[in-house]
Structures are given as structure tokens and as C-alpha cells.
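Below: the structure, in C-alpha cells.
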Amino acid sequence: MTIPDVRAHEGVAYAPAQPARPATTPPRDGSGFDPETARRDIPVLHRTVNGHPLVWLDNGATTQKPRQVIEALTAYYGAANSNIHRGAHTMAREATETYEGGRAAVARLLGAASPDSIVFTRGTTEAINLVAQTWGRANLGPGDEILVPMLEHHSNIVPWQMLAKEKRARLVPVPLLADGSIDQEAFAHLLSFRTQLVAVSQASNVLGTVPPVREMTALAHRYGARVLVDGAQAVAHFPVDVQELDADFYVFSGHKLFAPTGIGALYGKPEVLAGMPPWQGGGNMIDQVDFTGSTYAPVPHRFEAGTGHISGVAGLLAAIDWLTGFDREAVAAYEKGLLAYAEQAMAAVPGLRILGSAPERIAVLTFTLAGHDPAEIAHWLDQEGIAVRAGHHCAQPSLRHYGVESAARASLALYNTAQEVDRLVASLLRLQERS
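With the numbering used here, letter number 396 in the sequence shown gets 377, and the count goes up by one each step, no holes.
This is the structure we're talking about:
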């Protein structure tokens, strides 16, 4: 597939950015990873926005897609479009092989023992709701407790609130420390034999905090509790091994992993999934149907009613192949160096405050700027082709921990560079200078 030249997108001629004022020395982490190898594959990174080359710093909301993913979608719809599992013809077999190949790729990505422990969903939110409405309804009762850190995205809070209300259980928040880490002493104190579930993110979408999930899981298991890990912000940044974590459930969204929107996955321990009732009814999830009753397909198909997002799985497979083609440890080291560079560079902006300073973090920088509303900051940066997020980031408890209701966020990925950080800092300095 030939990728079109998008440098004159929107009728605006391409113009190189003016050199930014470097705030510090670019990162030299020795990882050996070159972000240009990734950037060459991402068509949208070569377009202009408002007359400036795009700087995409909104990766926490969604990542941009490599040409390999775009081509996989085109190839599926152009040459292999068919429903899966139930057809005997060639294209049905090909589509099924792609779909189940995607399931195997997710299992490898997460270090799962078998593809049968992978359930396809629309994304992290649906995966969490699936667990809440199946395992949760079957296992929670009055007086039981669900522990959820204040760090969490709303997707890992609201479904448990709804379930707790329905089952007359209790949702118990776990407090944060000043640096945005989960208070581990409080967590240990709050755990009890009433705790049925701990729901925790492996990386925060606002503070970047990477909690000690393996240790938290081991402690929760001493009380017989299950643990769900929200990996939406983790899988794109560092290798994941669900067996090492000993997670009972692990969930993520494809669109934060360089894949299409509308596709994600739930991992569950085989013995846990086997004991869960179906969530939705319909085709594909059944064994036998009669008006006197129905029997259901084995795991994982029991949880995949109807026609799945087949093209989304094709794109997810391509995204995983693309990402795992890099040295994941080298990518993580590069991003860590870029985060340190960005923190030091942004410290030169008067009145700028970065929220969160936990010792283990992904490359997320949520900040406030004295005298400026976050929406104003985002609009100003957008005029210079720099895309950041502004608002509550669907994580209001995390922001309120720092006494704010809204903030701006620059979230980095493997294709971001020190030069892009310099452009961000230079633009913020200009905003302050005009105040």
C-alpha cells in the first residue's frame, strides 16, 4: 500500500518548525533504540496542523497507527472479508485463521499460557464491565469489599460502584502518597477477608505511576481476593507477563497499543474464566439451543456473543507484530530517558507544576501552568501543531489528590523525540511571555 504525501494536508504548505530553545541535553540512555525507525512507519506523524509539523503528545488518549496496521485493515476488507468460525469456504477459513492468530498474538504479548485465556472485547472498559457483570455478580454479596486505589481511571471505578450498589457490597478507596504512589501501608491495612477483589492499574493515565502490582497481588491473594489489573496504559510502554504478575484478570485496549479503536482484550486465569457465567447471549457463544434451555460454548467463545470485530483483530495482530519487532527493553529505556529529559526541560517554564513524582513512572506529564486554564494551554499548543490533552482525563480522584479539577497532559510514546519536547517547552515559554 502506498502512503500518500500528507505534508500539504488541509491545503497548508509544509513548513519546518523554527528551532526551539533546548532546555537541557537530549537523552543519551544507551538503549540503542532509534525513534526514527518507528516514526518512518507512522503516516500521520508526517502531516501538518495549523501550518506546523504535527507533534503528537496525546498518546495516553490514543496512539497513532503504523502503516502495517493500516495495510492490514485494507487487506482484510479488500481481499479477505468474511465472517468467522461458522463458514466452510476459503475466505471464512482465512478470516478465522487471522482472528485466532490475533488471539494467539495477544497471549504471547501478555505471557499467557494459552490463547484460550484471551477474550476479545471492545476495549478496557468493556473488559472490566464483563468481569463485573459475570464474575462480580456471581461472587460478591452484602458486606463484601472491592479495593480500588484513588489512582484509577473512571473505567476502573464506576463499574465497581455500580456492582457494589447492586450487591450491597462496599467500594473501598486506597489513598495515595504525596508523590502519587499508592499508599502501600494503607493498602495492607485495608485488606481483609471481606476483600473479594482488588482493581488496580499497572500504569496511571494521569500521574504515570507504575505501582508494585506483583507485590500487591501477592498480598491480596493471602486474603483470598482476586486481582484485576488495568493494563491500558502499560502494554505499549514495557513488557507484561501476566503469569509473573499472578493477575487473575488483565485488560487492555488496542487503540492505546497502535491498533484500531473498538478492539481490546481480557485475560483471565483459565480456572477463573471456566467458573464465570456468560455475559451476553446470542450466536457464537452457544453449544446447543432449544426453547427449553441452552448450553454454552467453552471459554473463551462463551464471552464473545455475535460477530466479533474481525478487522480490529487483524489490525491488533499487525500492531503487536510491529511493536514486538522492536527490543521492548530498549524502548522502555528510551522512554525513561525521554521522560527525564522532558521533566528537566519543563522545569524551565515559570509557573509550571508537574503532578506526580513517583519513582516508577511511564512517560506521562500532567501539568498546570499558573495563570492559564488547561483548555487555554491546549488551544495555544494546538495552534503550533502540538497535540496535548486537557480536562479531568477520566481520573478525577487523582487530580483532586493535588487539589485541581483539570490539568493539561503531554503523554509520550516510542516515536516521540527530544526535539518535540523542545517544541513543547518553547511554546509554553512563549505562552508565559505573552501573559
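A virtual CB, placed ideally from N, CA and C, is assigned to each residue, including glycine.
**Pairwise C-alpha distance: N186 and Q214** = As a working mapping, residue 214 is identified with position 233 in the sequence shown. As a working mapping, residue 186 is identified with position 205 in the sequence shown. Looking at the two C-alpha atoms, the distance is approximately 6 Å.
**Item:** Buried versus exposed call for E72 [16 or more other C-beta atoms within 10 Å across all chains shown]
**Value:** Here residue 72 corresponds to residue number 91 of the sequence shown, with the count starting at 1. What sits at residue 72 in the sequence shown is Met, not Glu. Exposed, because fewer than 16 other Cβ atoms sit within 10 Å of the Cβ of M72.
**Request:** Would you mind sorting R404 into buried or exposed? The rule is 16 or more other CB atoms within 10 Å of its CB.
**Result:** Against the sequence shown, residue 404 aligns to sequence position 423. The residue in question, R404, is buried, as its Cβ has 16 or more Cβ neighbours within 10 Å.
**Check whether L209 and T102 have beta carbons under 8 Å apart** = The residue given as residue 209 occupies position 228 in the sequence shown. The residue given as residue 102 occupies position 121 in the sequence shown. Not closer than 8 Å, so no.
**Prompt:** Using the C-alpha atoms, what's the distance from Q269 back to T349?
**Reply:** On the sequence shown, position 368 is the one that residue 349 refers to. On the sequence shown, position 288 is the one that residue 269 refers to. The straight-line gap from Cα to Cα measures roughly 57 Å.
**Message:** The alpha helix (DSSP H) that contains Q377, what's its start and end?
**Reply:** The count along the sequence shown starts at 1 and reaches residue 377 at position 396. It spans Q377 to R381 - the alpha helix (DSSP H) in which Q377 sits, taken as one unbroken run.
**Prompt:** What is the DSSP secondary structure of R21, reduced to helix, strand or coil?
**Reply:** As a position in the sequence shown, residue 21 is number 40, starting the count at 1. Correct three-state label for R21: coil.
**Prompt:** Among residues of its own chain, excluding the 5 on either side of V385, which ones have a beta-carbon nearer than 8 Å to its beta-carbon?
**Reply:** Numbered from 1 along the sequence shown, position 404 holds the residue referred to as residue 385. Excluding residues within five positions, the ones whose Cβ falls inside 8 Å are L336 and T349.
**Prompt:** Going by beta carbon distance, what residues of the same chain come within less than 6 Å of L106, once the five residues before and after it are set aside?
**Reply:** Residue numbering aside, residue 106 sits at position 125 when the sequence shown is read from its first letter. The sequence shown places Thr at residue 106, not Leu. So the qualifying residues of the chain are S136.
**N- and C-terminal bounds of the alpha helix (DSSP H) containing G296** = Taking the first residue of the sequence shown as position 1, residue 296 is located at position 315. From DSSP, the alpha helix (DSSP H) with G296 extends over I291 to T305.
**Request:** Quick one: using the 10 Å Cβ neighbour count with 16 as the cut-off for buried, is H70 buried or exposed?
**Result:** Sequence index remark: in the sequence shown, residue 70 carries index 89 (1-based). Exposed.
**Item:** Which listed residue (A321, D229, S234 and G205) has its alpha carbon closest to that of G212
**Value:** Looking up residue 212 in the sequence shown gives position 231. Here the closest residue by C-alpha is S234.
**Request:** Given a cut-off of 8 Å, decide if A150 and P123 are closer than it, judged by their beta-carbon atoms.
**Result:** Position 142 of the sequence shown, counted from the start, is the residue given in the question as residue 123. Position 169 of the sequence shown, counted from the start, is the residue given in the question as residue 150. Yes, Cβ-Cβ distance for P123 and A150 is below 8 Å.
**Message:** From the DSSP secondary-structure annotation, give me the bridge partner or partners of V210.
**Reply:** As a working mapping, residue 210 is identified with position 229 in the sequence shown. Answer is V181 and Y231, bridged to V210.
**Message:** Helix, strand or coil, according to DSSP, for P340 in the structure here?
**Reply:** The sequence position of residue 340 within the sequence shown is 359, counting from 1. Here P340 sits in coil by DSSP.
**Prompt:** Distance, Cα to Cα, M266 vs A184?
**Reply:** One-based indexing of the sequence shown puts residue 266 at position 285. One-based indexing of the sequence shown puts residue 184 at position 203. Looking at the two C-alpha atoms, the distance is approximately 32 Å.
**Message:** Within a Cβ cutoff of 6 Å, which residues of the same chain sit near T420, ignoring the five residues on either side of it in sequence?
**Reply:** Not covered by the structure: residue 420. The range shown for the chain is -18 to 416.
**Prompt:** Quick one: is N110 buried, meaning 16 or more other Cβ sit within 10 Å of its Cβ, or exposed?
**Reply:** By 1-based counting over the sequence shown, the position of residue 110 is 129. N110 is buried by the Cβ-count criterion.
**Prompt:** Any idea which residues DSSP pairs F348 with across the strands?
**Reply:** For the purposes of this step, residue 348 is identified with residue 367 of the sequence shown, where counting begins at 1. According to DSSP, which records beta bridges pairwise, F348 is partnered with I335 and A389.
**Prompt:** Does the beta-carbon distance from T167 to P156 come in below 8 Å?
**Reply:** Position 186 of the sequence shown, counted from the first residue, corresponds to residue 167. Position 175 of the sequence shown, counted from the first residue, corresponds to residue 156. Correcting the residue identity first, residue 167 is Ala in this sequence and not Thr. Their beta carbons are under 8 Å apart, which means A167 touches P156 by this criterion.
**Message:** If the criterion is Cβ atoms closer than 8 Å, does the pair H27 and G366 meet it?
**Reply:** Taking the first residue of the sequence shown as position 1, residue 27 is located at position 46. Taking the first residue of the sequence shown as position 1, residue 366 is located at position 385. Cβ atoms of H27 and G366: not closer than 8 Å.
**Prompt:** Short check: CB of V221 to CB of L35, under 8 Å?
**Reply:** Taking the first residue of the sequence shown as 1, we reach residue 221 at position 240. Taking the first residue of the sequence shown as 1, we reach residue 35 at position 54. No; because the gap between Cβ atoms is not below 8 Å, this pair is not in contact.
**Asked** Hey, out of P251, P241 and F239, whose CA is closest to Y231's CA?
**Response** In the sequence shown, the residue the question calls residue 231 occupies position 250. The shortest C-alpha separation from Y231 is found at P251.
**Item:** Among P281, N62 and K237, the one whose alpha carbon lies nearest that of I99
**Value:** The residue you call residue 99 lines up with position 118 of the sequence shown. Among P281, N62 and K237, the Cα nearest to that of I99 belongs to P281.
**Asked** Where do the N-terminal and C-terminal ends of the alpha helix (DSSP H) with D363 fall, by residue?
**Response** Counting from 1 along the sequence shown, the entry for residue 363 is found at position 382. It spans P355 to D363 - the alpha helix (DSSP H) in which D363 sits, taken as one unbroken run.
**Asked** Who does Q269 pair with in a DSSP beta bridge?
**Response** For the purposes of this step, residue 269 is identified with residue 288 of the sequence shown, where counting begins at 1. Paired residues: T276.
**Prompt:** Hey, would you say R370 sits closer than 8 Å to G161, going by beta carbons?
**Reply:** On the sequence shown, position 389 is the one that residue 370 refers to. On the sequence shown, position 180 is the one that residue 161 refers to. No, Cβ-Cβ distance for R370 and G161 is not below 8 Å.
**Request:** Run the CB neighbour count on P258, radius 10 Å, all protein chains shown included, and call it buried at 16 or more, exposed below.
**Result:** On the sequence shown, residue 258 is found 277 positions in, with the first residue counted as 1. The residue is exposed, with fewer than 16 neighbouring Cβ atoms inside 10 Å.
**Request:** Consider the Cβ of Y396: report whether some Cβ of chain B lies at a distance smaller than 8 Å.
**Result:** Of the protein chains in this structure there is only one, and it is not chain B.
**Item:** Closest by C-alpha distance to S173, when choosing among P16, Y396, R415 and D125
**Value:** If you number the sequence shown from 1, residue 173 lands on position 192. Comparing Cα positions, the closest option is D125.
**Message:** According to DSSP, is M197 part of a helix, a strand, or is it coil?
**Reply:** By one-based count along the sequence shown, residue 197 stands at place 216. Three-state DSSP puts M197 in a helix.
**Message:** S182 and H134 - do their beta-carbons sit closer together than 8 Å?
**Reply:** Working through the sequence shown from its first residue, we reach residue 134 at position 153. Working through the sequence shown from its first residue, we reach residue 182 at position 201. A contact, by the Cβ cut-off of 8 Å.
**Coarse secondary structure for I130, derived from DSSP in three states** = Sequence index remark: in the sequence shown, residue 130 carries index 149 (1-based). In the sequence as displayed, the identity of residue 130 is Pro instead of Ile. It is a strand residue.
**Request:** If I'm right that L38 touches L393 with Cβ under 8 Å, what's the distance once you round it to whole angstroms?
**Result:** Taking the first residue of the sequence shown as position 1, residue 38 is located at position 57. Taking the first residue of the sequence shown as position 1, residue 393 is located at position 412. Rounded, the Cβ-Cβ distance is 7 Å, consistent with contact.
**Asked** Rounded to a whole number of angstroms, what is the C-alpha to C-alpha distance between A388 and L178?
**Response** Locating residue 388 in the sequence shown gives position 407, where the first residue counts as 1. Locating residue 178 in the sequence shown gives position 197, where the first residue counts as 1. If I take the Cα positions, the gap works out to 30 Å.
**Message:** I need the straight-line Cα distance from I127 to F307, nearest angstrom please.
**Reply:** The count along the sequence shown starts at 1 and reaches residue 127 at position 146. The count along the sequence shown starts at 1 and reaches residue 307 at position 326. Each residue's alpha carbon lies about 38 Å from the other.
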